[in-house]
Every structure is written in structure tokens, then in C-alpha cells.
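Peer 1: For the sequence shown, numbering that gives the first Met the number 0 assigns the number 0 to the initial residue and increments by one for each residue that follows. C-beta atoms are modelled at their ideal positions from N, C-alpha and C, and glycine is treated no differently. If you're wondering where the values come from, they're calculated on a predicted model, not measured in any experiment.
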Amino acid sequence: MKRIVLTGGGTAGHVTPNIALLPKLKELGYDIHYIGSHEGIERKLITDFDIPYYPVSTGKLRRYLDPKNFSDPFRVVKGYSEAKKLLKEIKPDVIFSKGGFVSVPVVRAAGSLKIPCIIHESDMTPGLANKLCISVATKICCNFPETLANLPENKAVLTGSPIREELLKGDKAAALNLCNFTTALPVIMVIGGSSGSVAINKAVRAALPKLLEDFQVVHLCGTDRIDNLLLNQKGYAQFEYLKGELKDILAMADIVISRAGANAICELLALKKPNLLIPLPAKSSRGDQLLNAASFESQGYSIVLNEDDLDENSLVEKVYELYCNRKQYIECMAQSSQLNAVDKIVSLIDDAVINRP
0 MKRIVLTGGG
10 TAGHVTPNIA
20 LLPKLKELGY
30 DIHYIGSHEG
40 IERKLITDFD
50 IPYYPVSTGK
60 LRRYLDPKNF
70 SDPFRVVKGY
80 SEAKKLLKEI
90 KPDVIFSKGG
100 FVSVPVVRAA
110 GSLKIPCIIH
120 ESDMTPGLAN
130 KLCISVATKI
140 CCNFPETLAN
150 LPENKAVLTG
160 SPIREELLKG
170 DKAAALNLCN
180 FTTALPVIMV
190 IGGSSGSVAI
200 NKAVRAALPK
210 LLEDFQVVHL
220 CGTDRIDNLL
230 LNQKGYAQFE
240 YLKGELKDIL
250 AMADIVISRA
260 GANAICELLA
270 LKKPNLLIPL
280 PAKSSRGDQL
290 LNAASFESQG
300 YSIVLNEDDL
310 DENSLVEKVY
320 ELYCNRKQYI
330 ECMAQSSQLN
340 AVDKIVSLID
350 DAVINRP
């Protein structure tokens, strides 16, 4: 039996692509194990899949001043020792890492043990955790054509991001019923990231009088961000967060307004959903969403509206532009080379096992 260790965590975006690989890996007979952190979201997300989970110590390596910068390197060193011990016990044939700081001690330990490592970089430019792993990686998967220039030529592979199979099986009728919508008007889905976006929420709600003339709007607005004054607004449905029903909402949506997190936009690409991206601004991030959005716009998959230019009028203008040209965006997405990521990545994993020294 082939044995694989998956790793990655800190945010859902570093875990859900691993989850997307599970059905194919199980189909091919892999014995699957997971190494994550003690307290990270990955532990909670993986428990549903009956996979052995092993926690190791980890620390965030920051580029800014923080008192934890003095203690966290010791946690990383401890995590490396713990990971090396675990890998000697598990004896995997291959490692697949989705990134996040918990992956650093695991991948570096695997490298020291000559275990092949496939790592995945979601964003346009590699994050610090993956930068620390590139030297020991066998192959580096990425989402964007532009990323290839930032990676070693003999290791980089454009795969796209693995998408959970369940997202492709949404039930539009169930979503219409959940939202109390009709089939008479098209649907806009709004999602501002896992915790919502104050700026997007404000602009969408200000634009509702105009948008609701021609659309219905389902709004995933984030925890504690429901507007009680709009609870009975016809054609407008609000949810803090959706889990199982998300696939149904995506199936129902004709167009999507979204942040530009790499995993989120790759899901929109896989589902061929015309989208308006409002990336997180550079002042609130390392600027990766701006680069992600620019790439999708240049490839013809998206329209981009920067947050600095966001108000109710600009939002309405871009929504109508997107909807009127939706077929053009769907056709571009259908021709993408970043689809079928699961098969591409599992093929790399298999090759690494077969060719292991």
C-alpha cells in the first residue's frame, strides 16, 4: 500500500485543497495520514474524514516586529524534531503540503529523510512558508501562469488548485428554496471571505435598491454581520456563513461578487462562474489578492474593482457589465489550463512515489 502524509494549516485555505484530494487518493489505495498543528483549524476540518491526525509544534515566522518573534523560532525547531520522529514512525512514500507555517517543519524534516515532497502555492508569489520549503521540494504546484517565473524551472508545474468534488454537485432548486427566491430573476452571490468584508457589505447594501430591480442577491456577509433591517427585504437573503449549502448557492448563482483569495477564485474558475473580484487592498495584506485578481482579469476570467474605487455606483456599473458579458467569461474559463487540478496533482504524487530513490 502506498502511504502519504498531507500537511498544511493555519487557515481553511491551507486545508480544503488537501481535503479535495482525498477521494482520488483513497480510490488509488493510498494510506493517508495528516500532520498539522495542535490548535489550528486543520485539526477540526480533518476529523470528519477518519484520517489519523498528528499534531506538531509550530510558530509563525513574521516579517514584522512582534514579541513572539523571539519564542516562535524555538517552536519551529521543536516542531521539526517532532515531525522527523513522526515521519520515521509513519514511513510515508510521499508528502503533499498545502502550505501554512505548520508545513515548514514537516517538509523540512521530510527533506532530511529523503522523502519526496510535492508542495502547492496558491498565490501569485510564494509565501514565506513555501519559500522555506522550495529547496527540498520535488515539485511545486501553482495556480497562476505568472508564478512559474518565480519558481525553479525544473520543479514548477501549473496545476490550478484542487477543488472539492462536492462543490460540483450543487442543487439549484434547494438553494432557491433556502433563499425564498424565484426563477424569474438572475441571482448574484456575494461572498467577502470567511469572515466577511465590511467594505463589500456596505457597498452591496447601499446598491440593493438598484440591484433588486433586475437581480436577486444572496449575501454571505460574515459572522455577526447580518443587517436586521433587511431581514424581510424581498429578493435579498443574508447568511453569516454556509457550509453544506454552499454548493447549492454556487449552483444557483449566475454571477458572483467575491474577494480574490486564491482558493476562492479557483473554485469560481472550476465552476465557470462569471465573477467580479474586489481584492483585499495592499494596506490590509501582503498584496497577494491584488496580484491574483490581476491575473484572472488578464486571462479573461474576471472583472476587477479595487476597494479604493468601491461604492454603490461603481458596484452597480460593474455588475451590469459582468452580467451582460457573462457568456464571454464562461467561454474563457472553459478553455483554462488550470482545470482538473486533482488529477494533475495526484499524477505528480504517483510519479514521486514511483521514482523515489
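(1) By the 10 Å Cβ neighbour count, where 16 or more other Cβ atoms means buried, how is residue 299 classified, buried or exposed?
(2) Alpha helix (DSSP H) containing residue 248: first to last residue?
(3) By Cβ distance, which residues of its chain are closer than 8 Å to residue 247, with the 5 residues on each side in sequence left out?
(4) Does DSSP put residue 120 in a helix, a strand or coil?
(5) Alpha carbon to alpha carbon, how far is residue 241 from residue 253? Give it in angstroms, no decimals.
(6) From what residue to what residue does the alpha helix (DSSP H) around residue 148 run?
(7) Suppose you measure from the CA of residue 228 to the CA of residue 324; what does that come to, to the nearest Å?
(8) Anyone know if the C-beta pair for residue 280 and residue 307 falls short of 8 Å?
(9) Would you identify the three-state DSSP class for residue 184, choosing helix, strand or coil?
(10) Where residue 301 and residue 205 are concerned, what is the direct C-alpha to C-alpha distance, given to the nearest angstrom?
(11) Between the Cα of residue 155 and the Cα atoms of 123, 17 and 180, which residue gives the shortest distance?
(12) If I'm right that residue 79 touches residue 51 with Cβ under 8 Å, what's the distance once you round it to whole angstroms?
(13) Measuring only the C-alpha atoms, how far is residue 329 from residue 311?
(14) Three or more C-beta pairs closer than 8 Å, one from the region 86-98 and one from the region 5-13: is that the case here?
(15) Count Cβ pairs between the region 151-165 and the region 335-346 that sit closer than 8 Å; are there 3 or more?
(16) Is there contact between the region 23-30 and the region 110-124, where contact requires at least three CB pairs shorter than 8 Å?
(17) Pull up the CB-CB distance for residue 271 and residue 333, whole angstroms please, since I reckon it's below 8 Å.
(18) Under the three-state reduction of DSSP, which class applies to residue 295: helix, strand or coil?
(19) Determine the extent of the beta strand (DSSP E) in which residue 36 is found, giving its start and end residues.
(20) Taking three-plus beta-carbon pairs below 8 Å as touching, is the region 102-120 in contact with the region 82-91?
(21) Taking 8 Å as the limit between beta carbons, can you name the residues of its chain near residue 90, skipping five residues before and five after?
(22) For the structure I just gave you, are there three or more beta carbon pairs, one from the region 232-241 and one from the region 257-269, closer than 8 Å?
(23) Are residue 351 and residue 138 closer than 8 Å when you measure CB to CB?
(24) Quick check: the Cα distance between residue 98 and residue 183, rounded to an integer number of angstroms?
(25) What three-state label does DSSP hand residue 327 in the structure shown?
(26) Please check the pair residue 336 and residue 157, which I expect to be a contact at CB under 8 Å, by giving their CB distance rounded to whole angstroms.
(27) Have a look at residue 315 and residue 245 and give me their C-alpha separation to the nearest angstrom.
(28) State buried or exposed for residue 186, treating a residue as buried only when at least 16 other CB atoms are found within 10 Å of its CB.
(29) Work out the CA separation of residue 214 and residue 181 for me, nearest whole Å.
(30) On the CB-based measure, 16 or more other CB atoms within 10 Å of its CB, does residue 100 come out buried or exposed?
(31) With C-beta atoms as the reference, is residue 304 less than 8 Å away from residue 277?
Peer 2: Reading it off the structure:
(1) exposed
(2) 245-251
(3) 169, 170, 171, 173, 174 and 177
(4) strand
(5) 18 Å
(6) Segment: none, residue 148 is in no alpha helix (DSSP H) and carries neither H nor E.
(7) 33 Å
(8) yes
(9) coil
(10) 23 Å
(11) 123
(12) The pair is not a contact, with the Cβ atoms about 20 Å apart (cut-off 8 Å).
(13) 25 Å
(14) yes
(15) yes
(16) no
(17) 6 Å
(18) helix
(19) 30-36
(20) yes
(21) 2
(22) no
(23) yes
(24) 43 Å
(25) helix
(26) 6 Å
(27) 24 Å
(28) buried
(29) 10 Å
(30) buried
(31) yes
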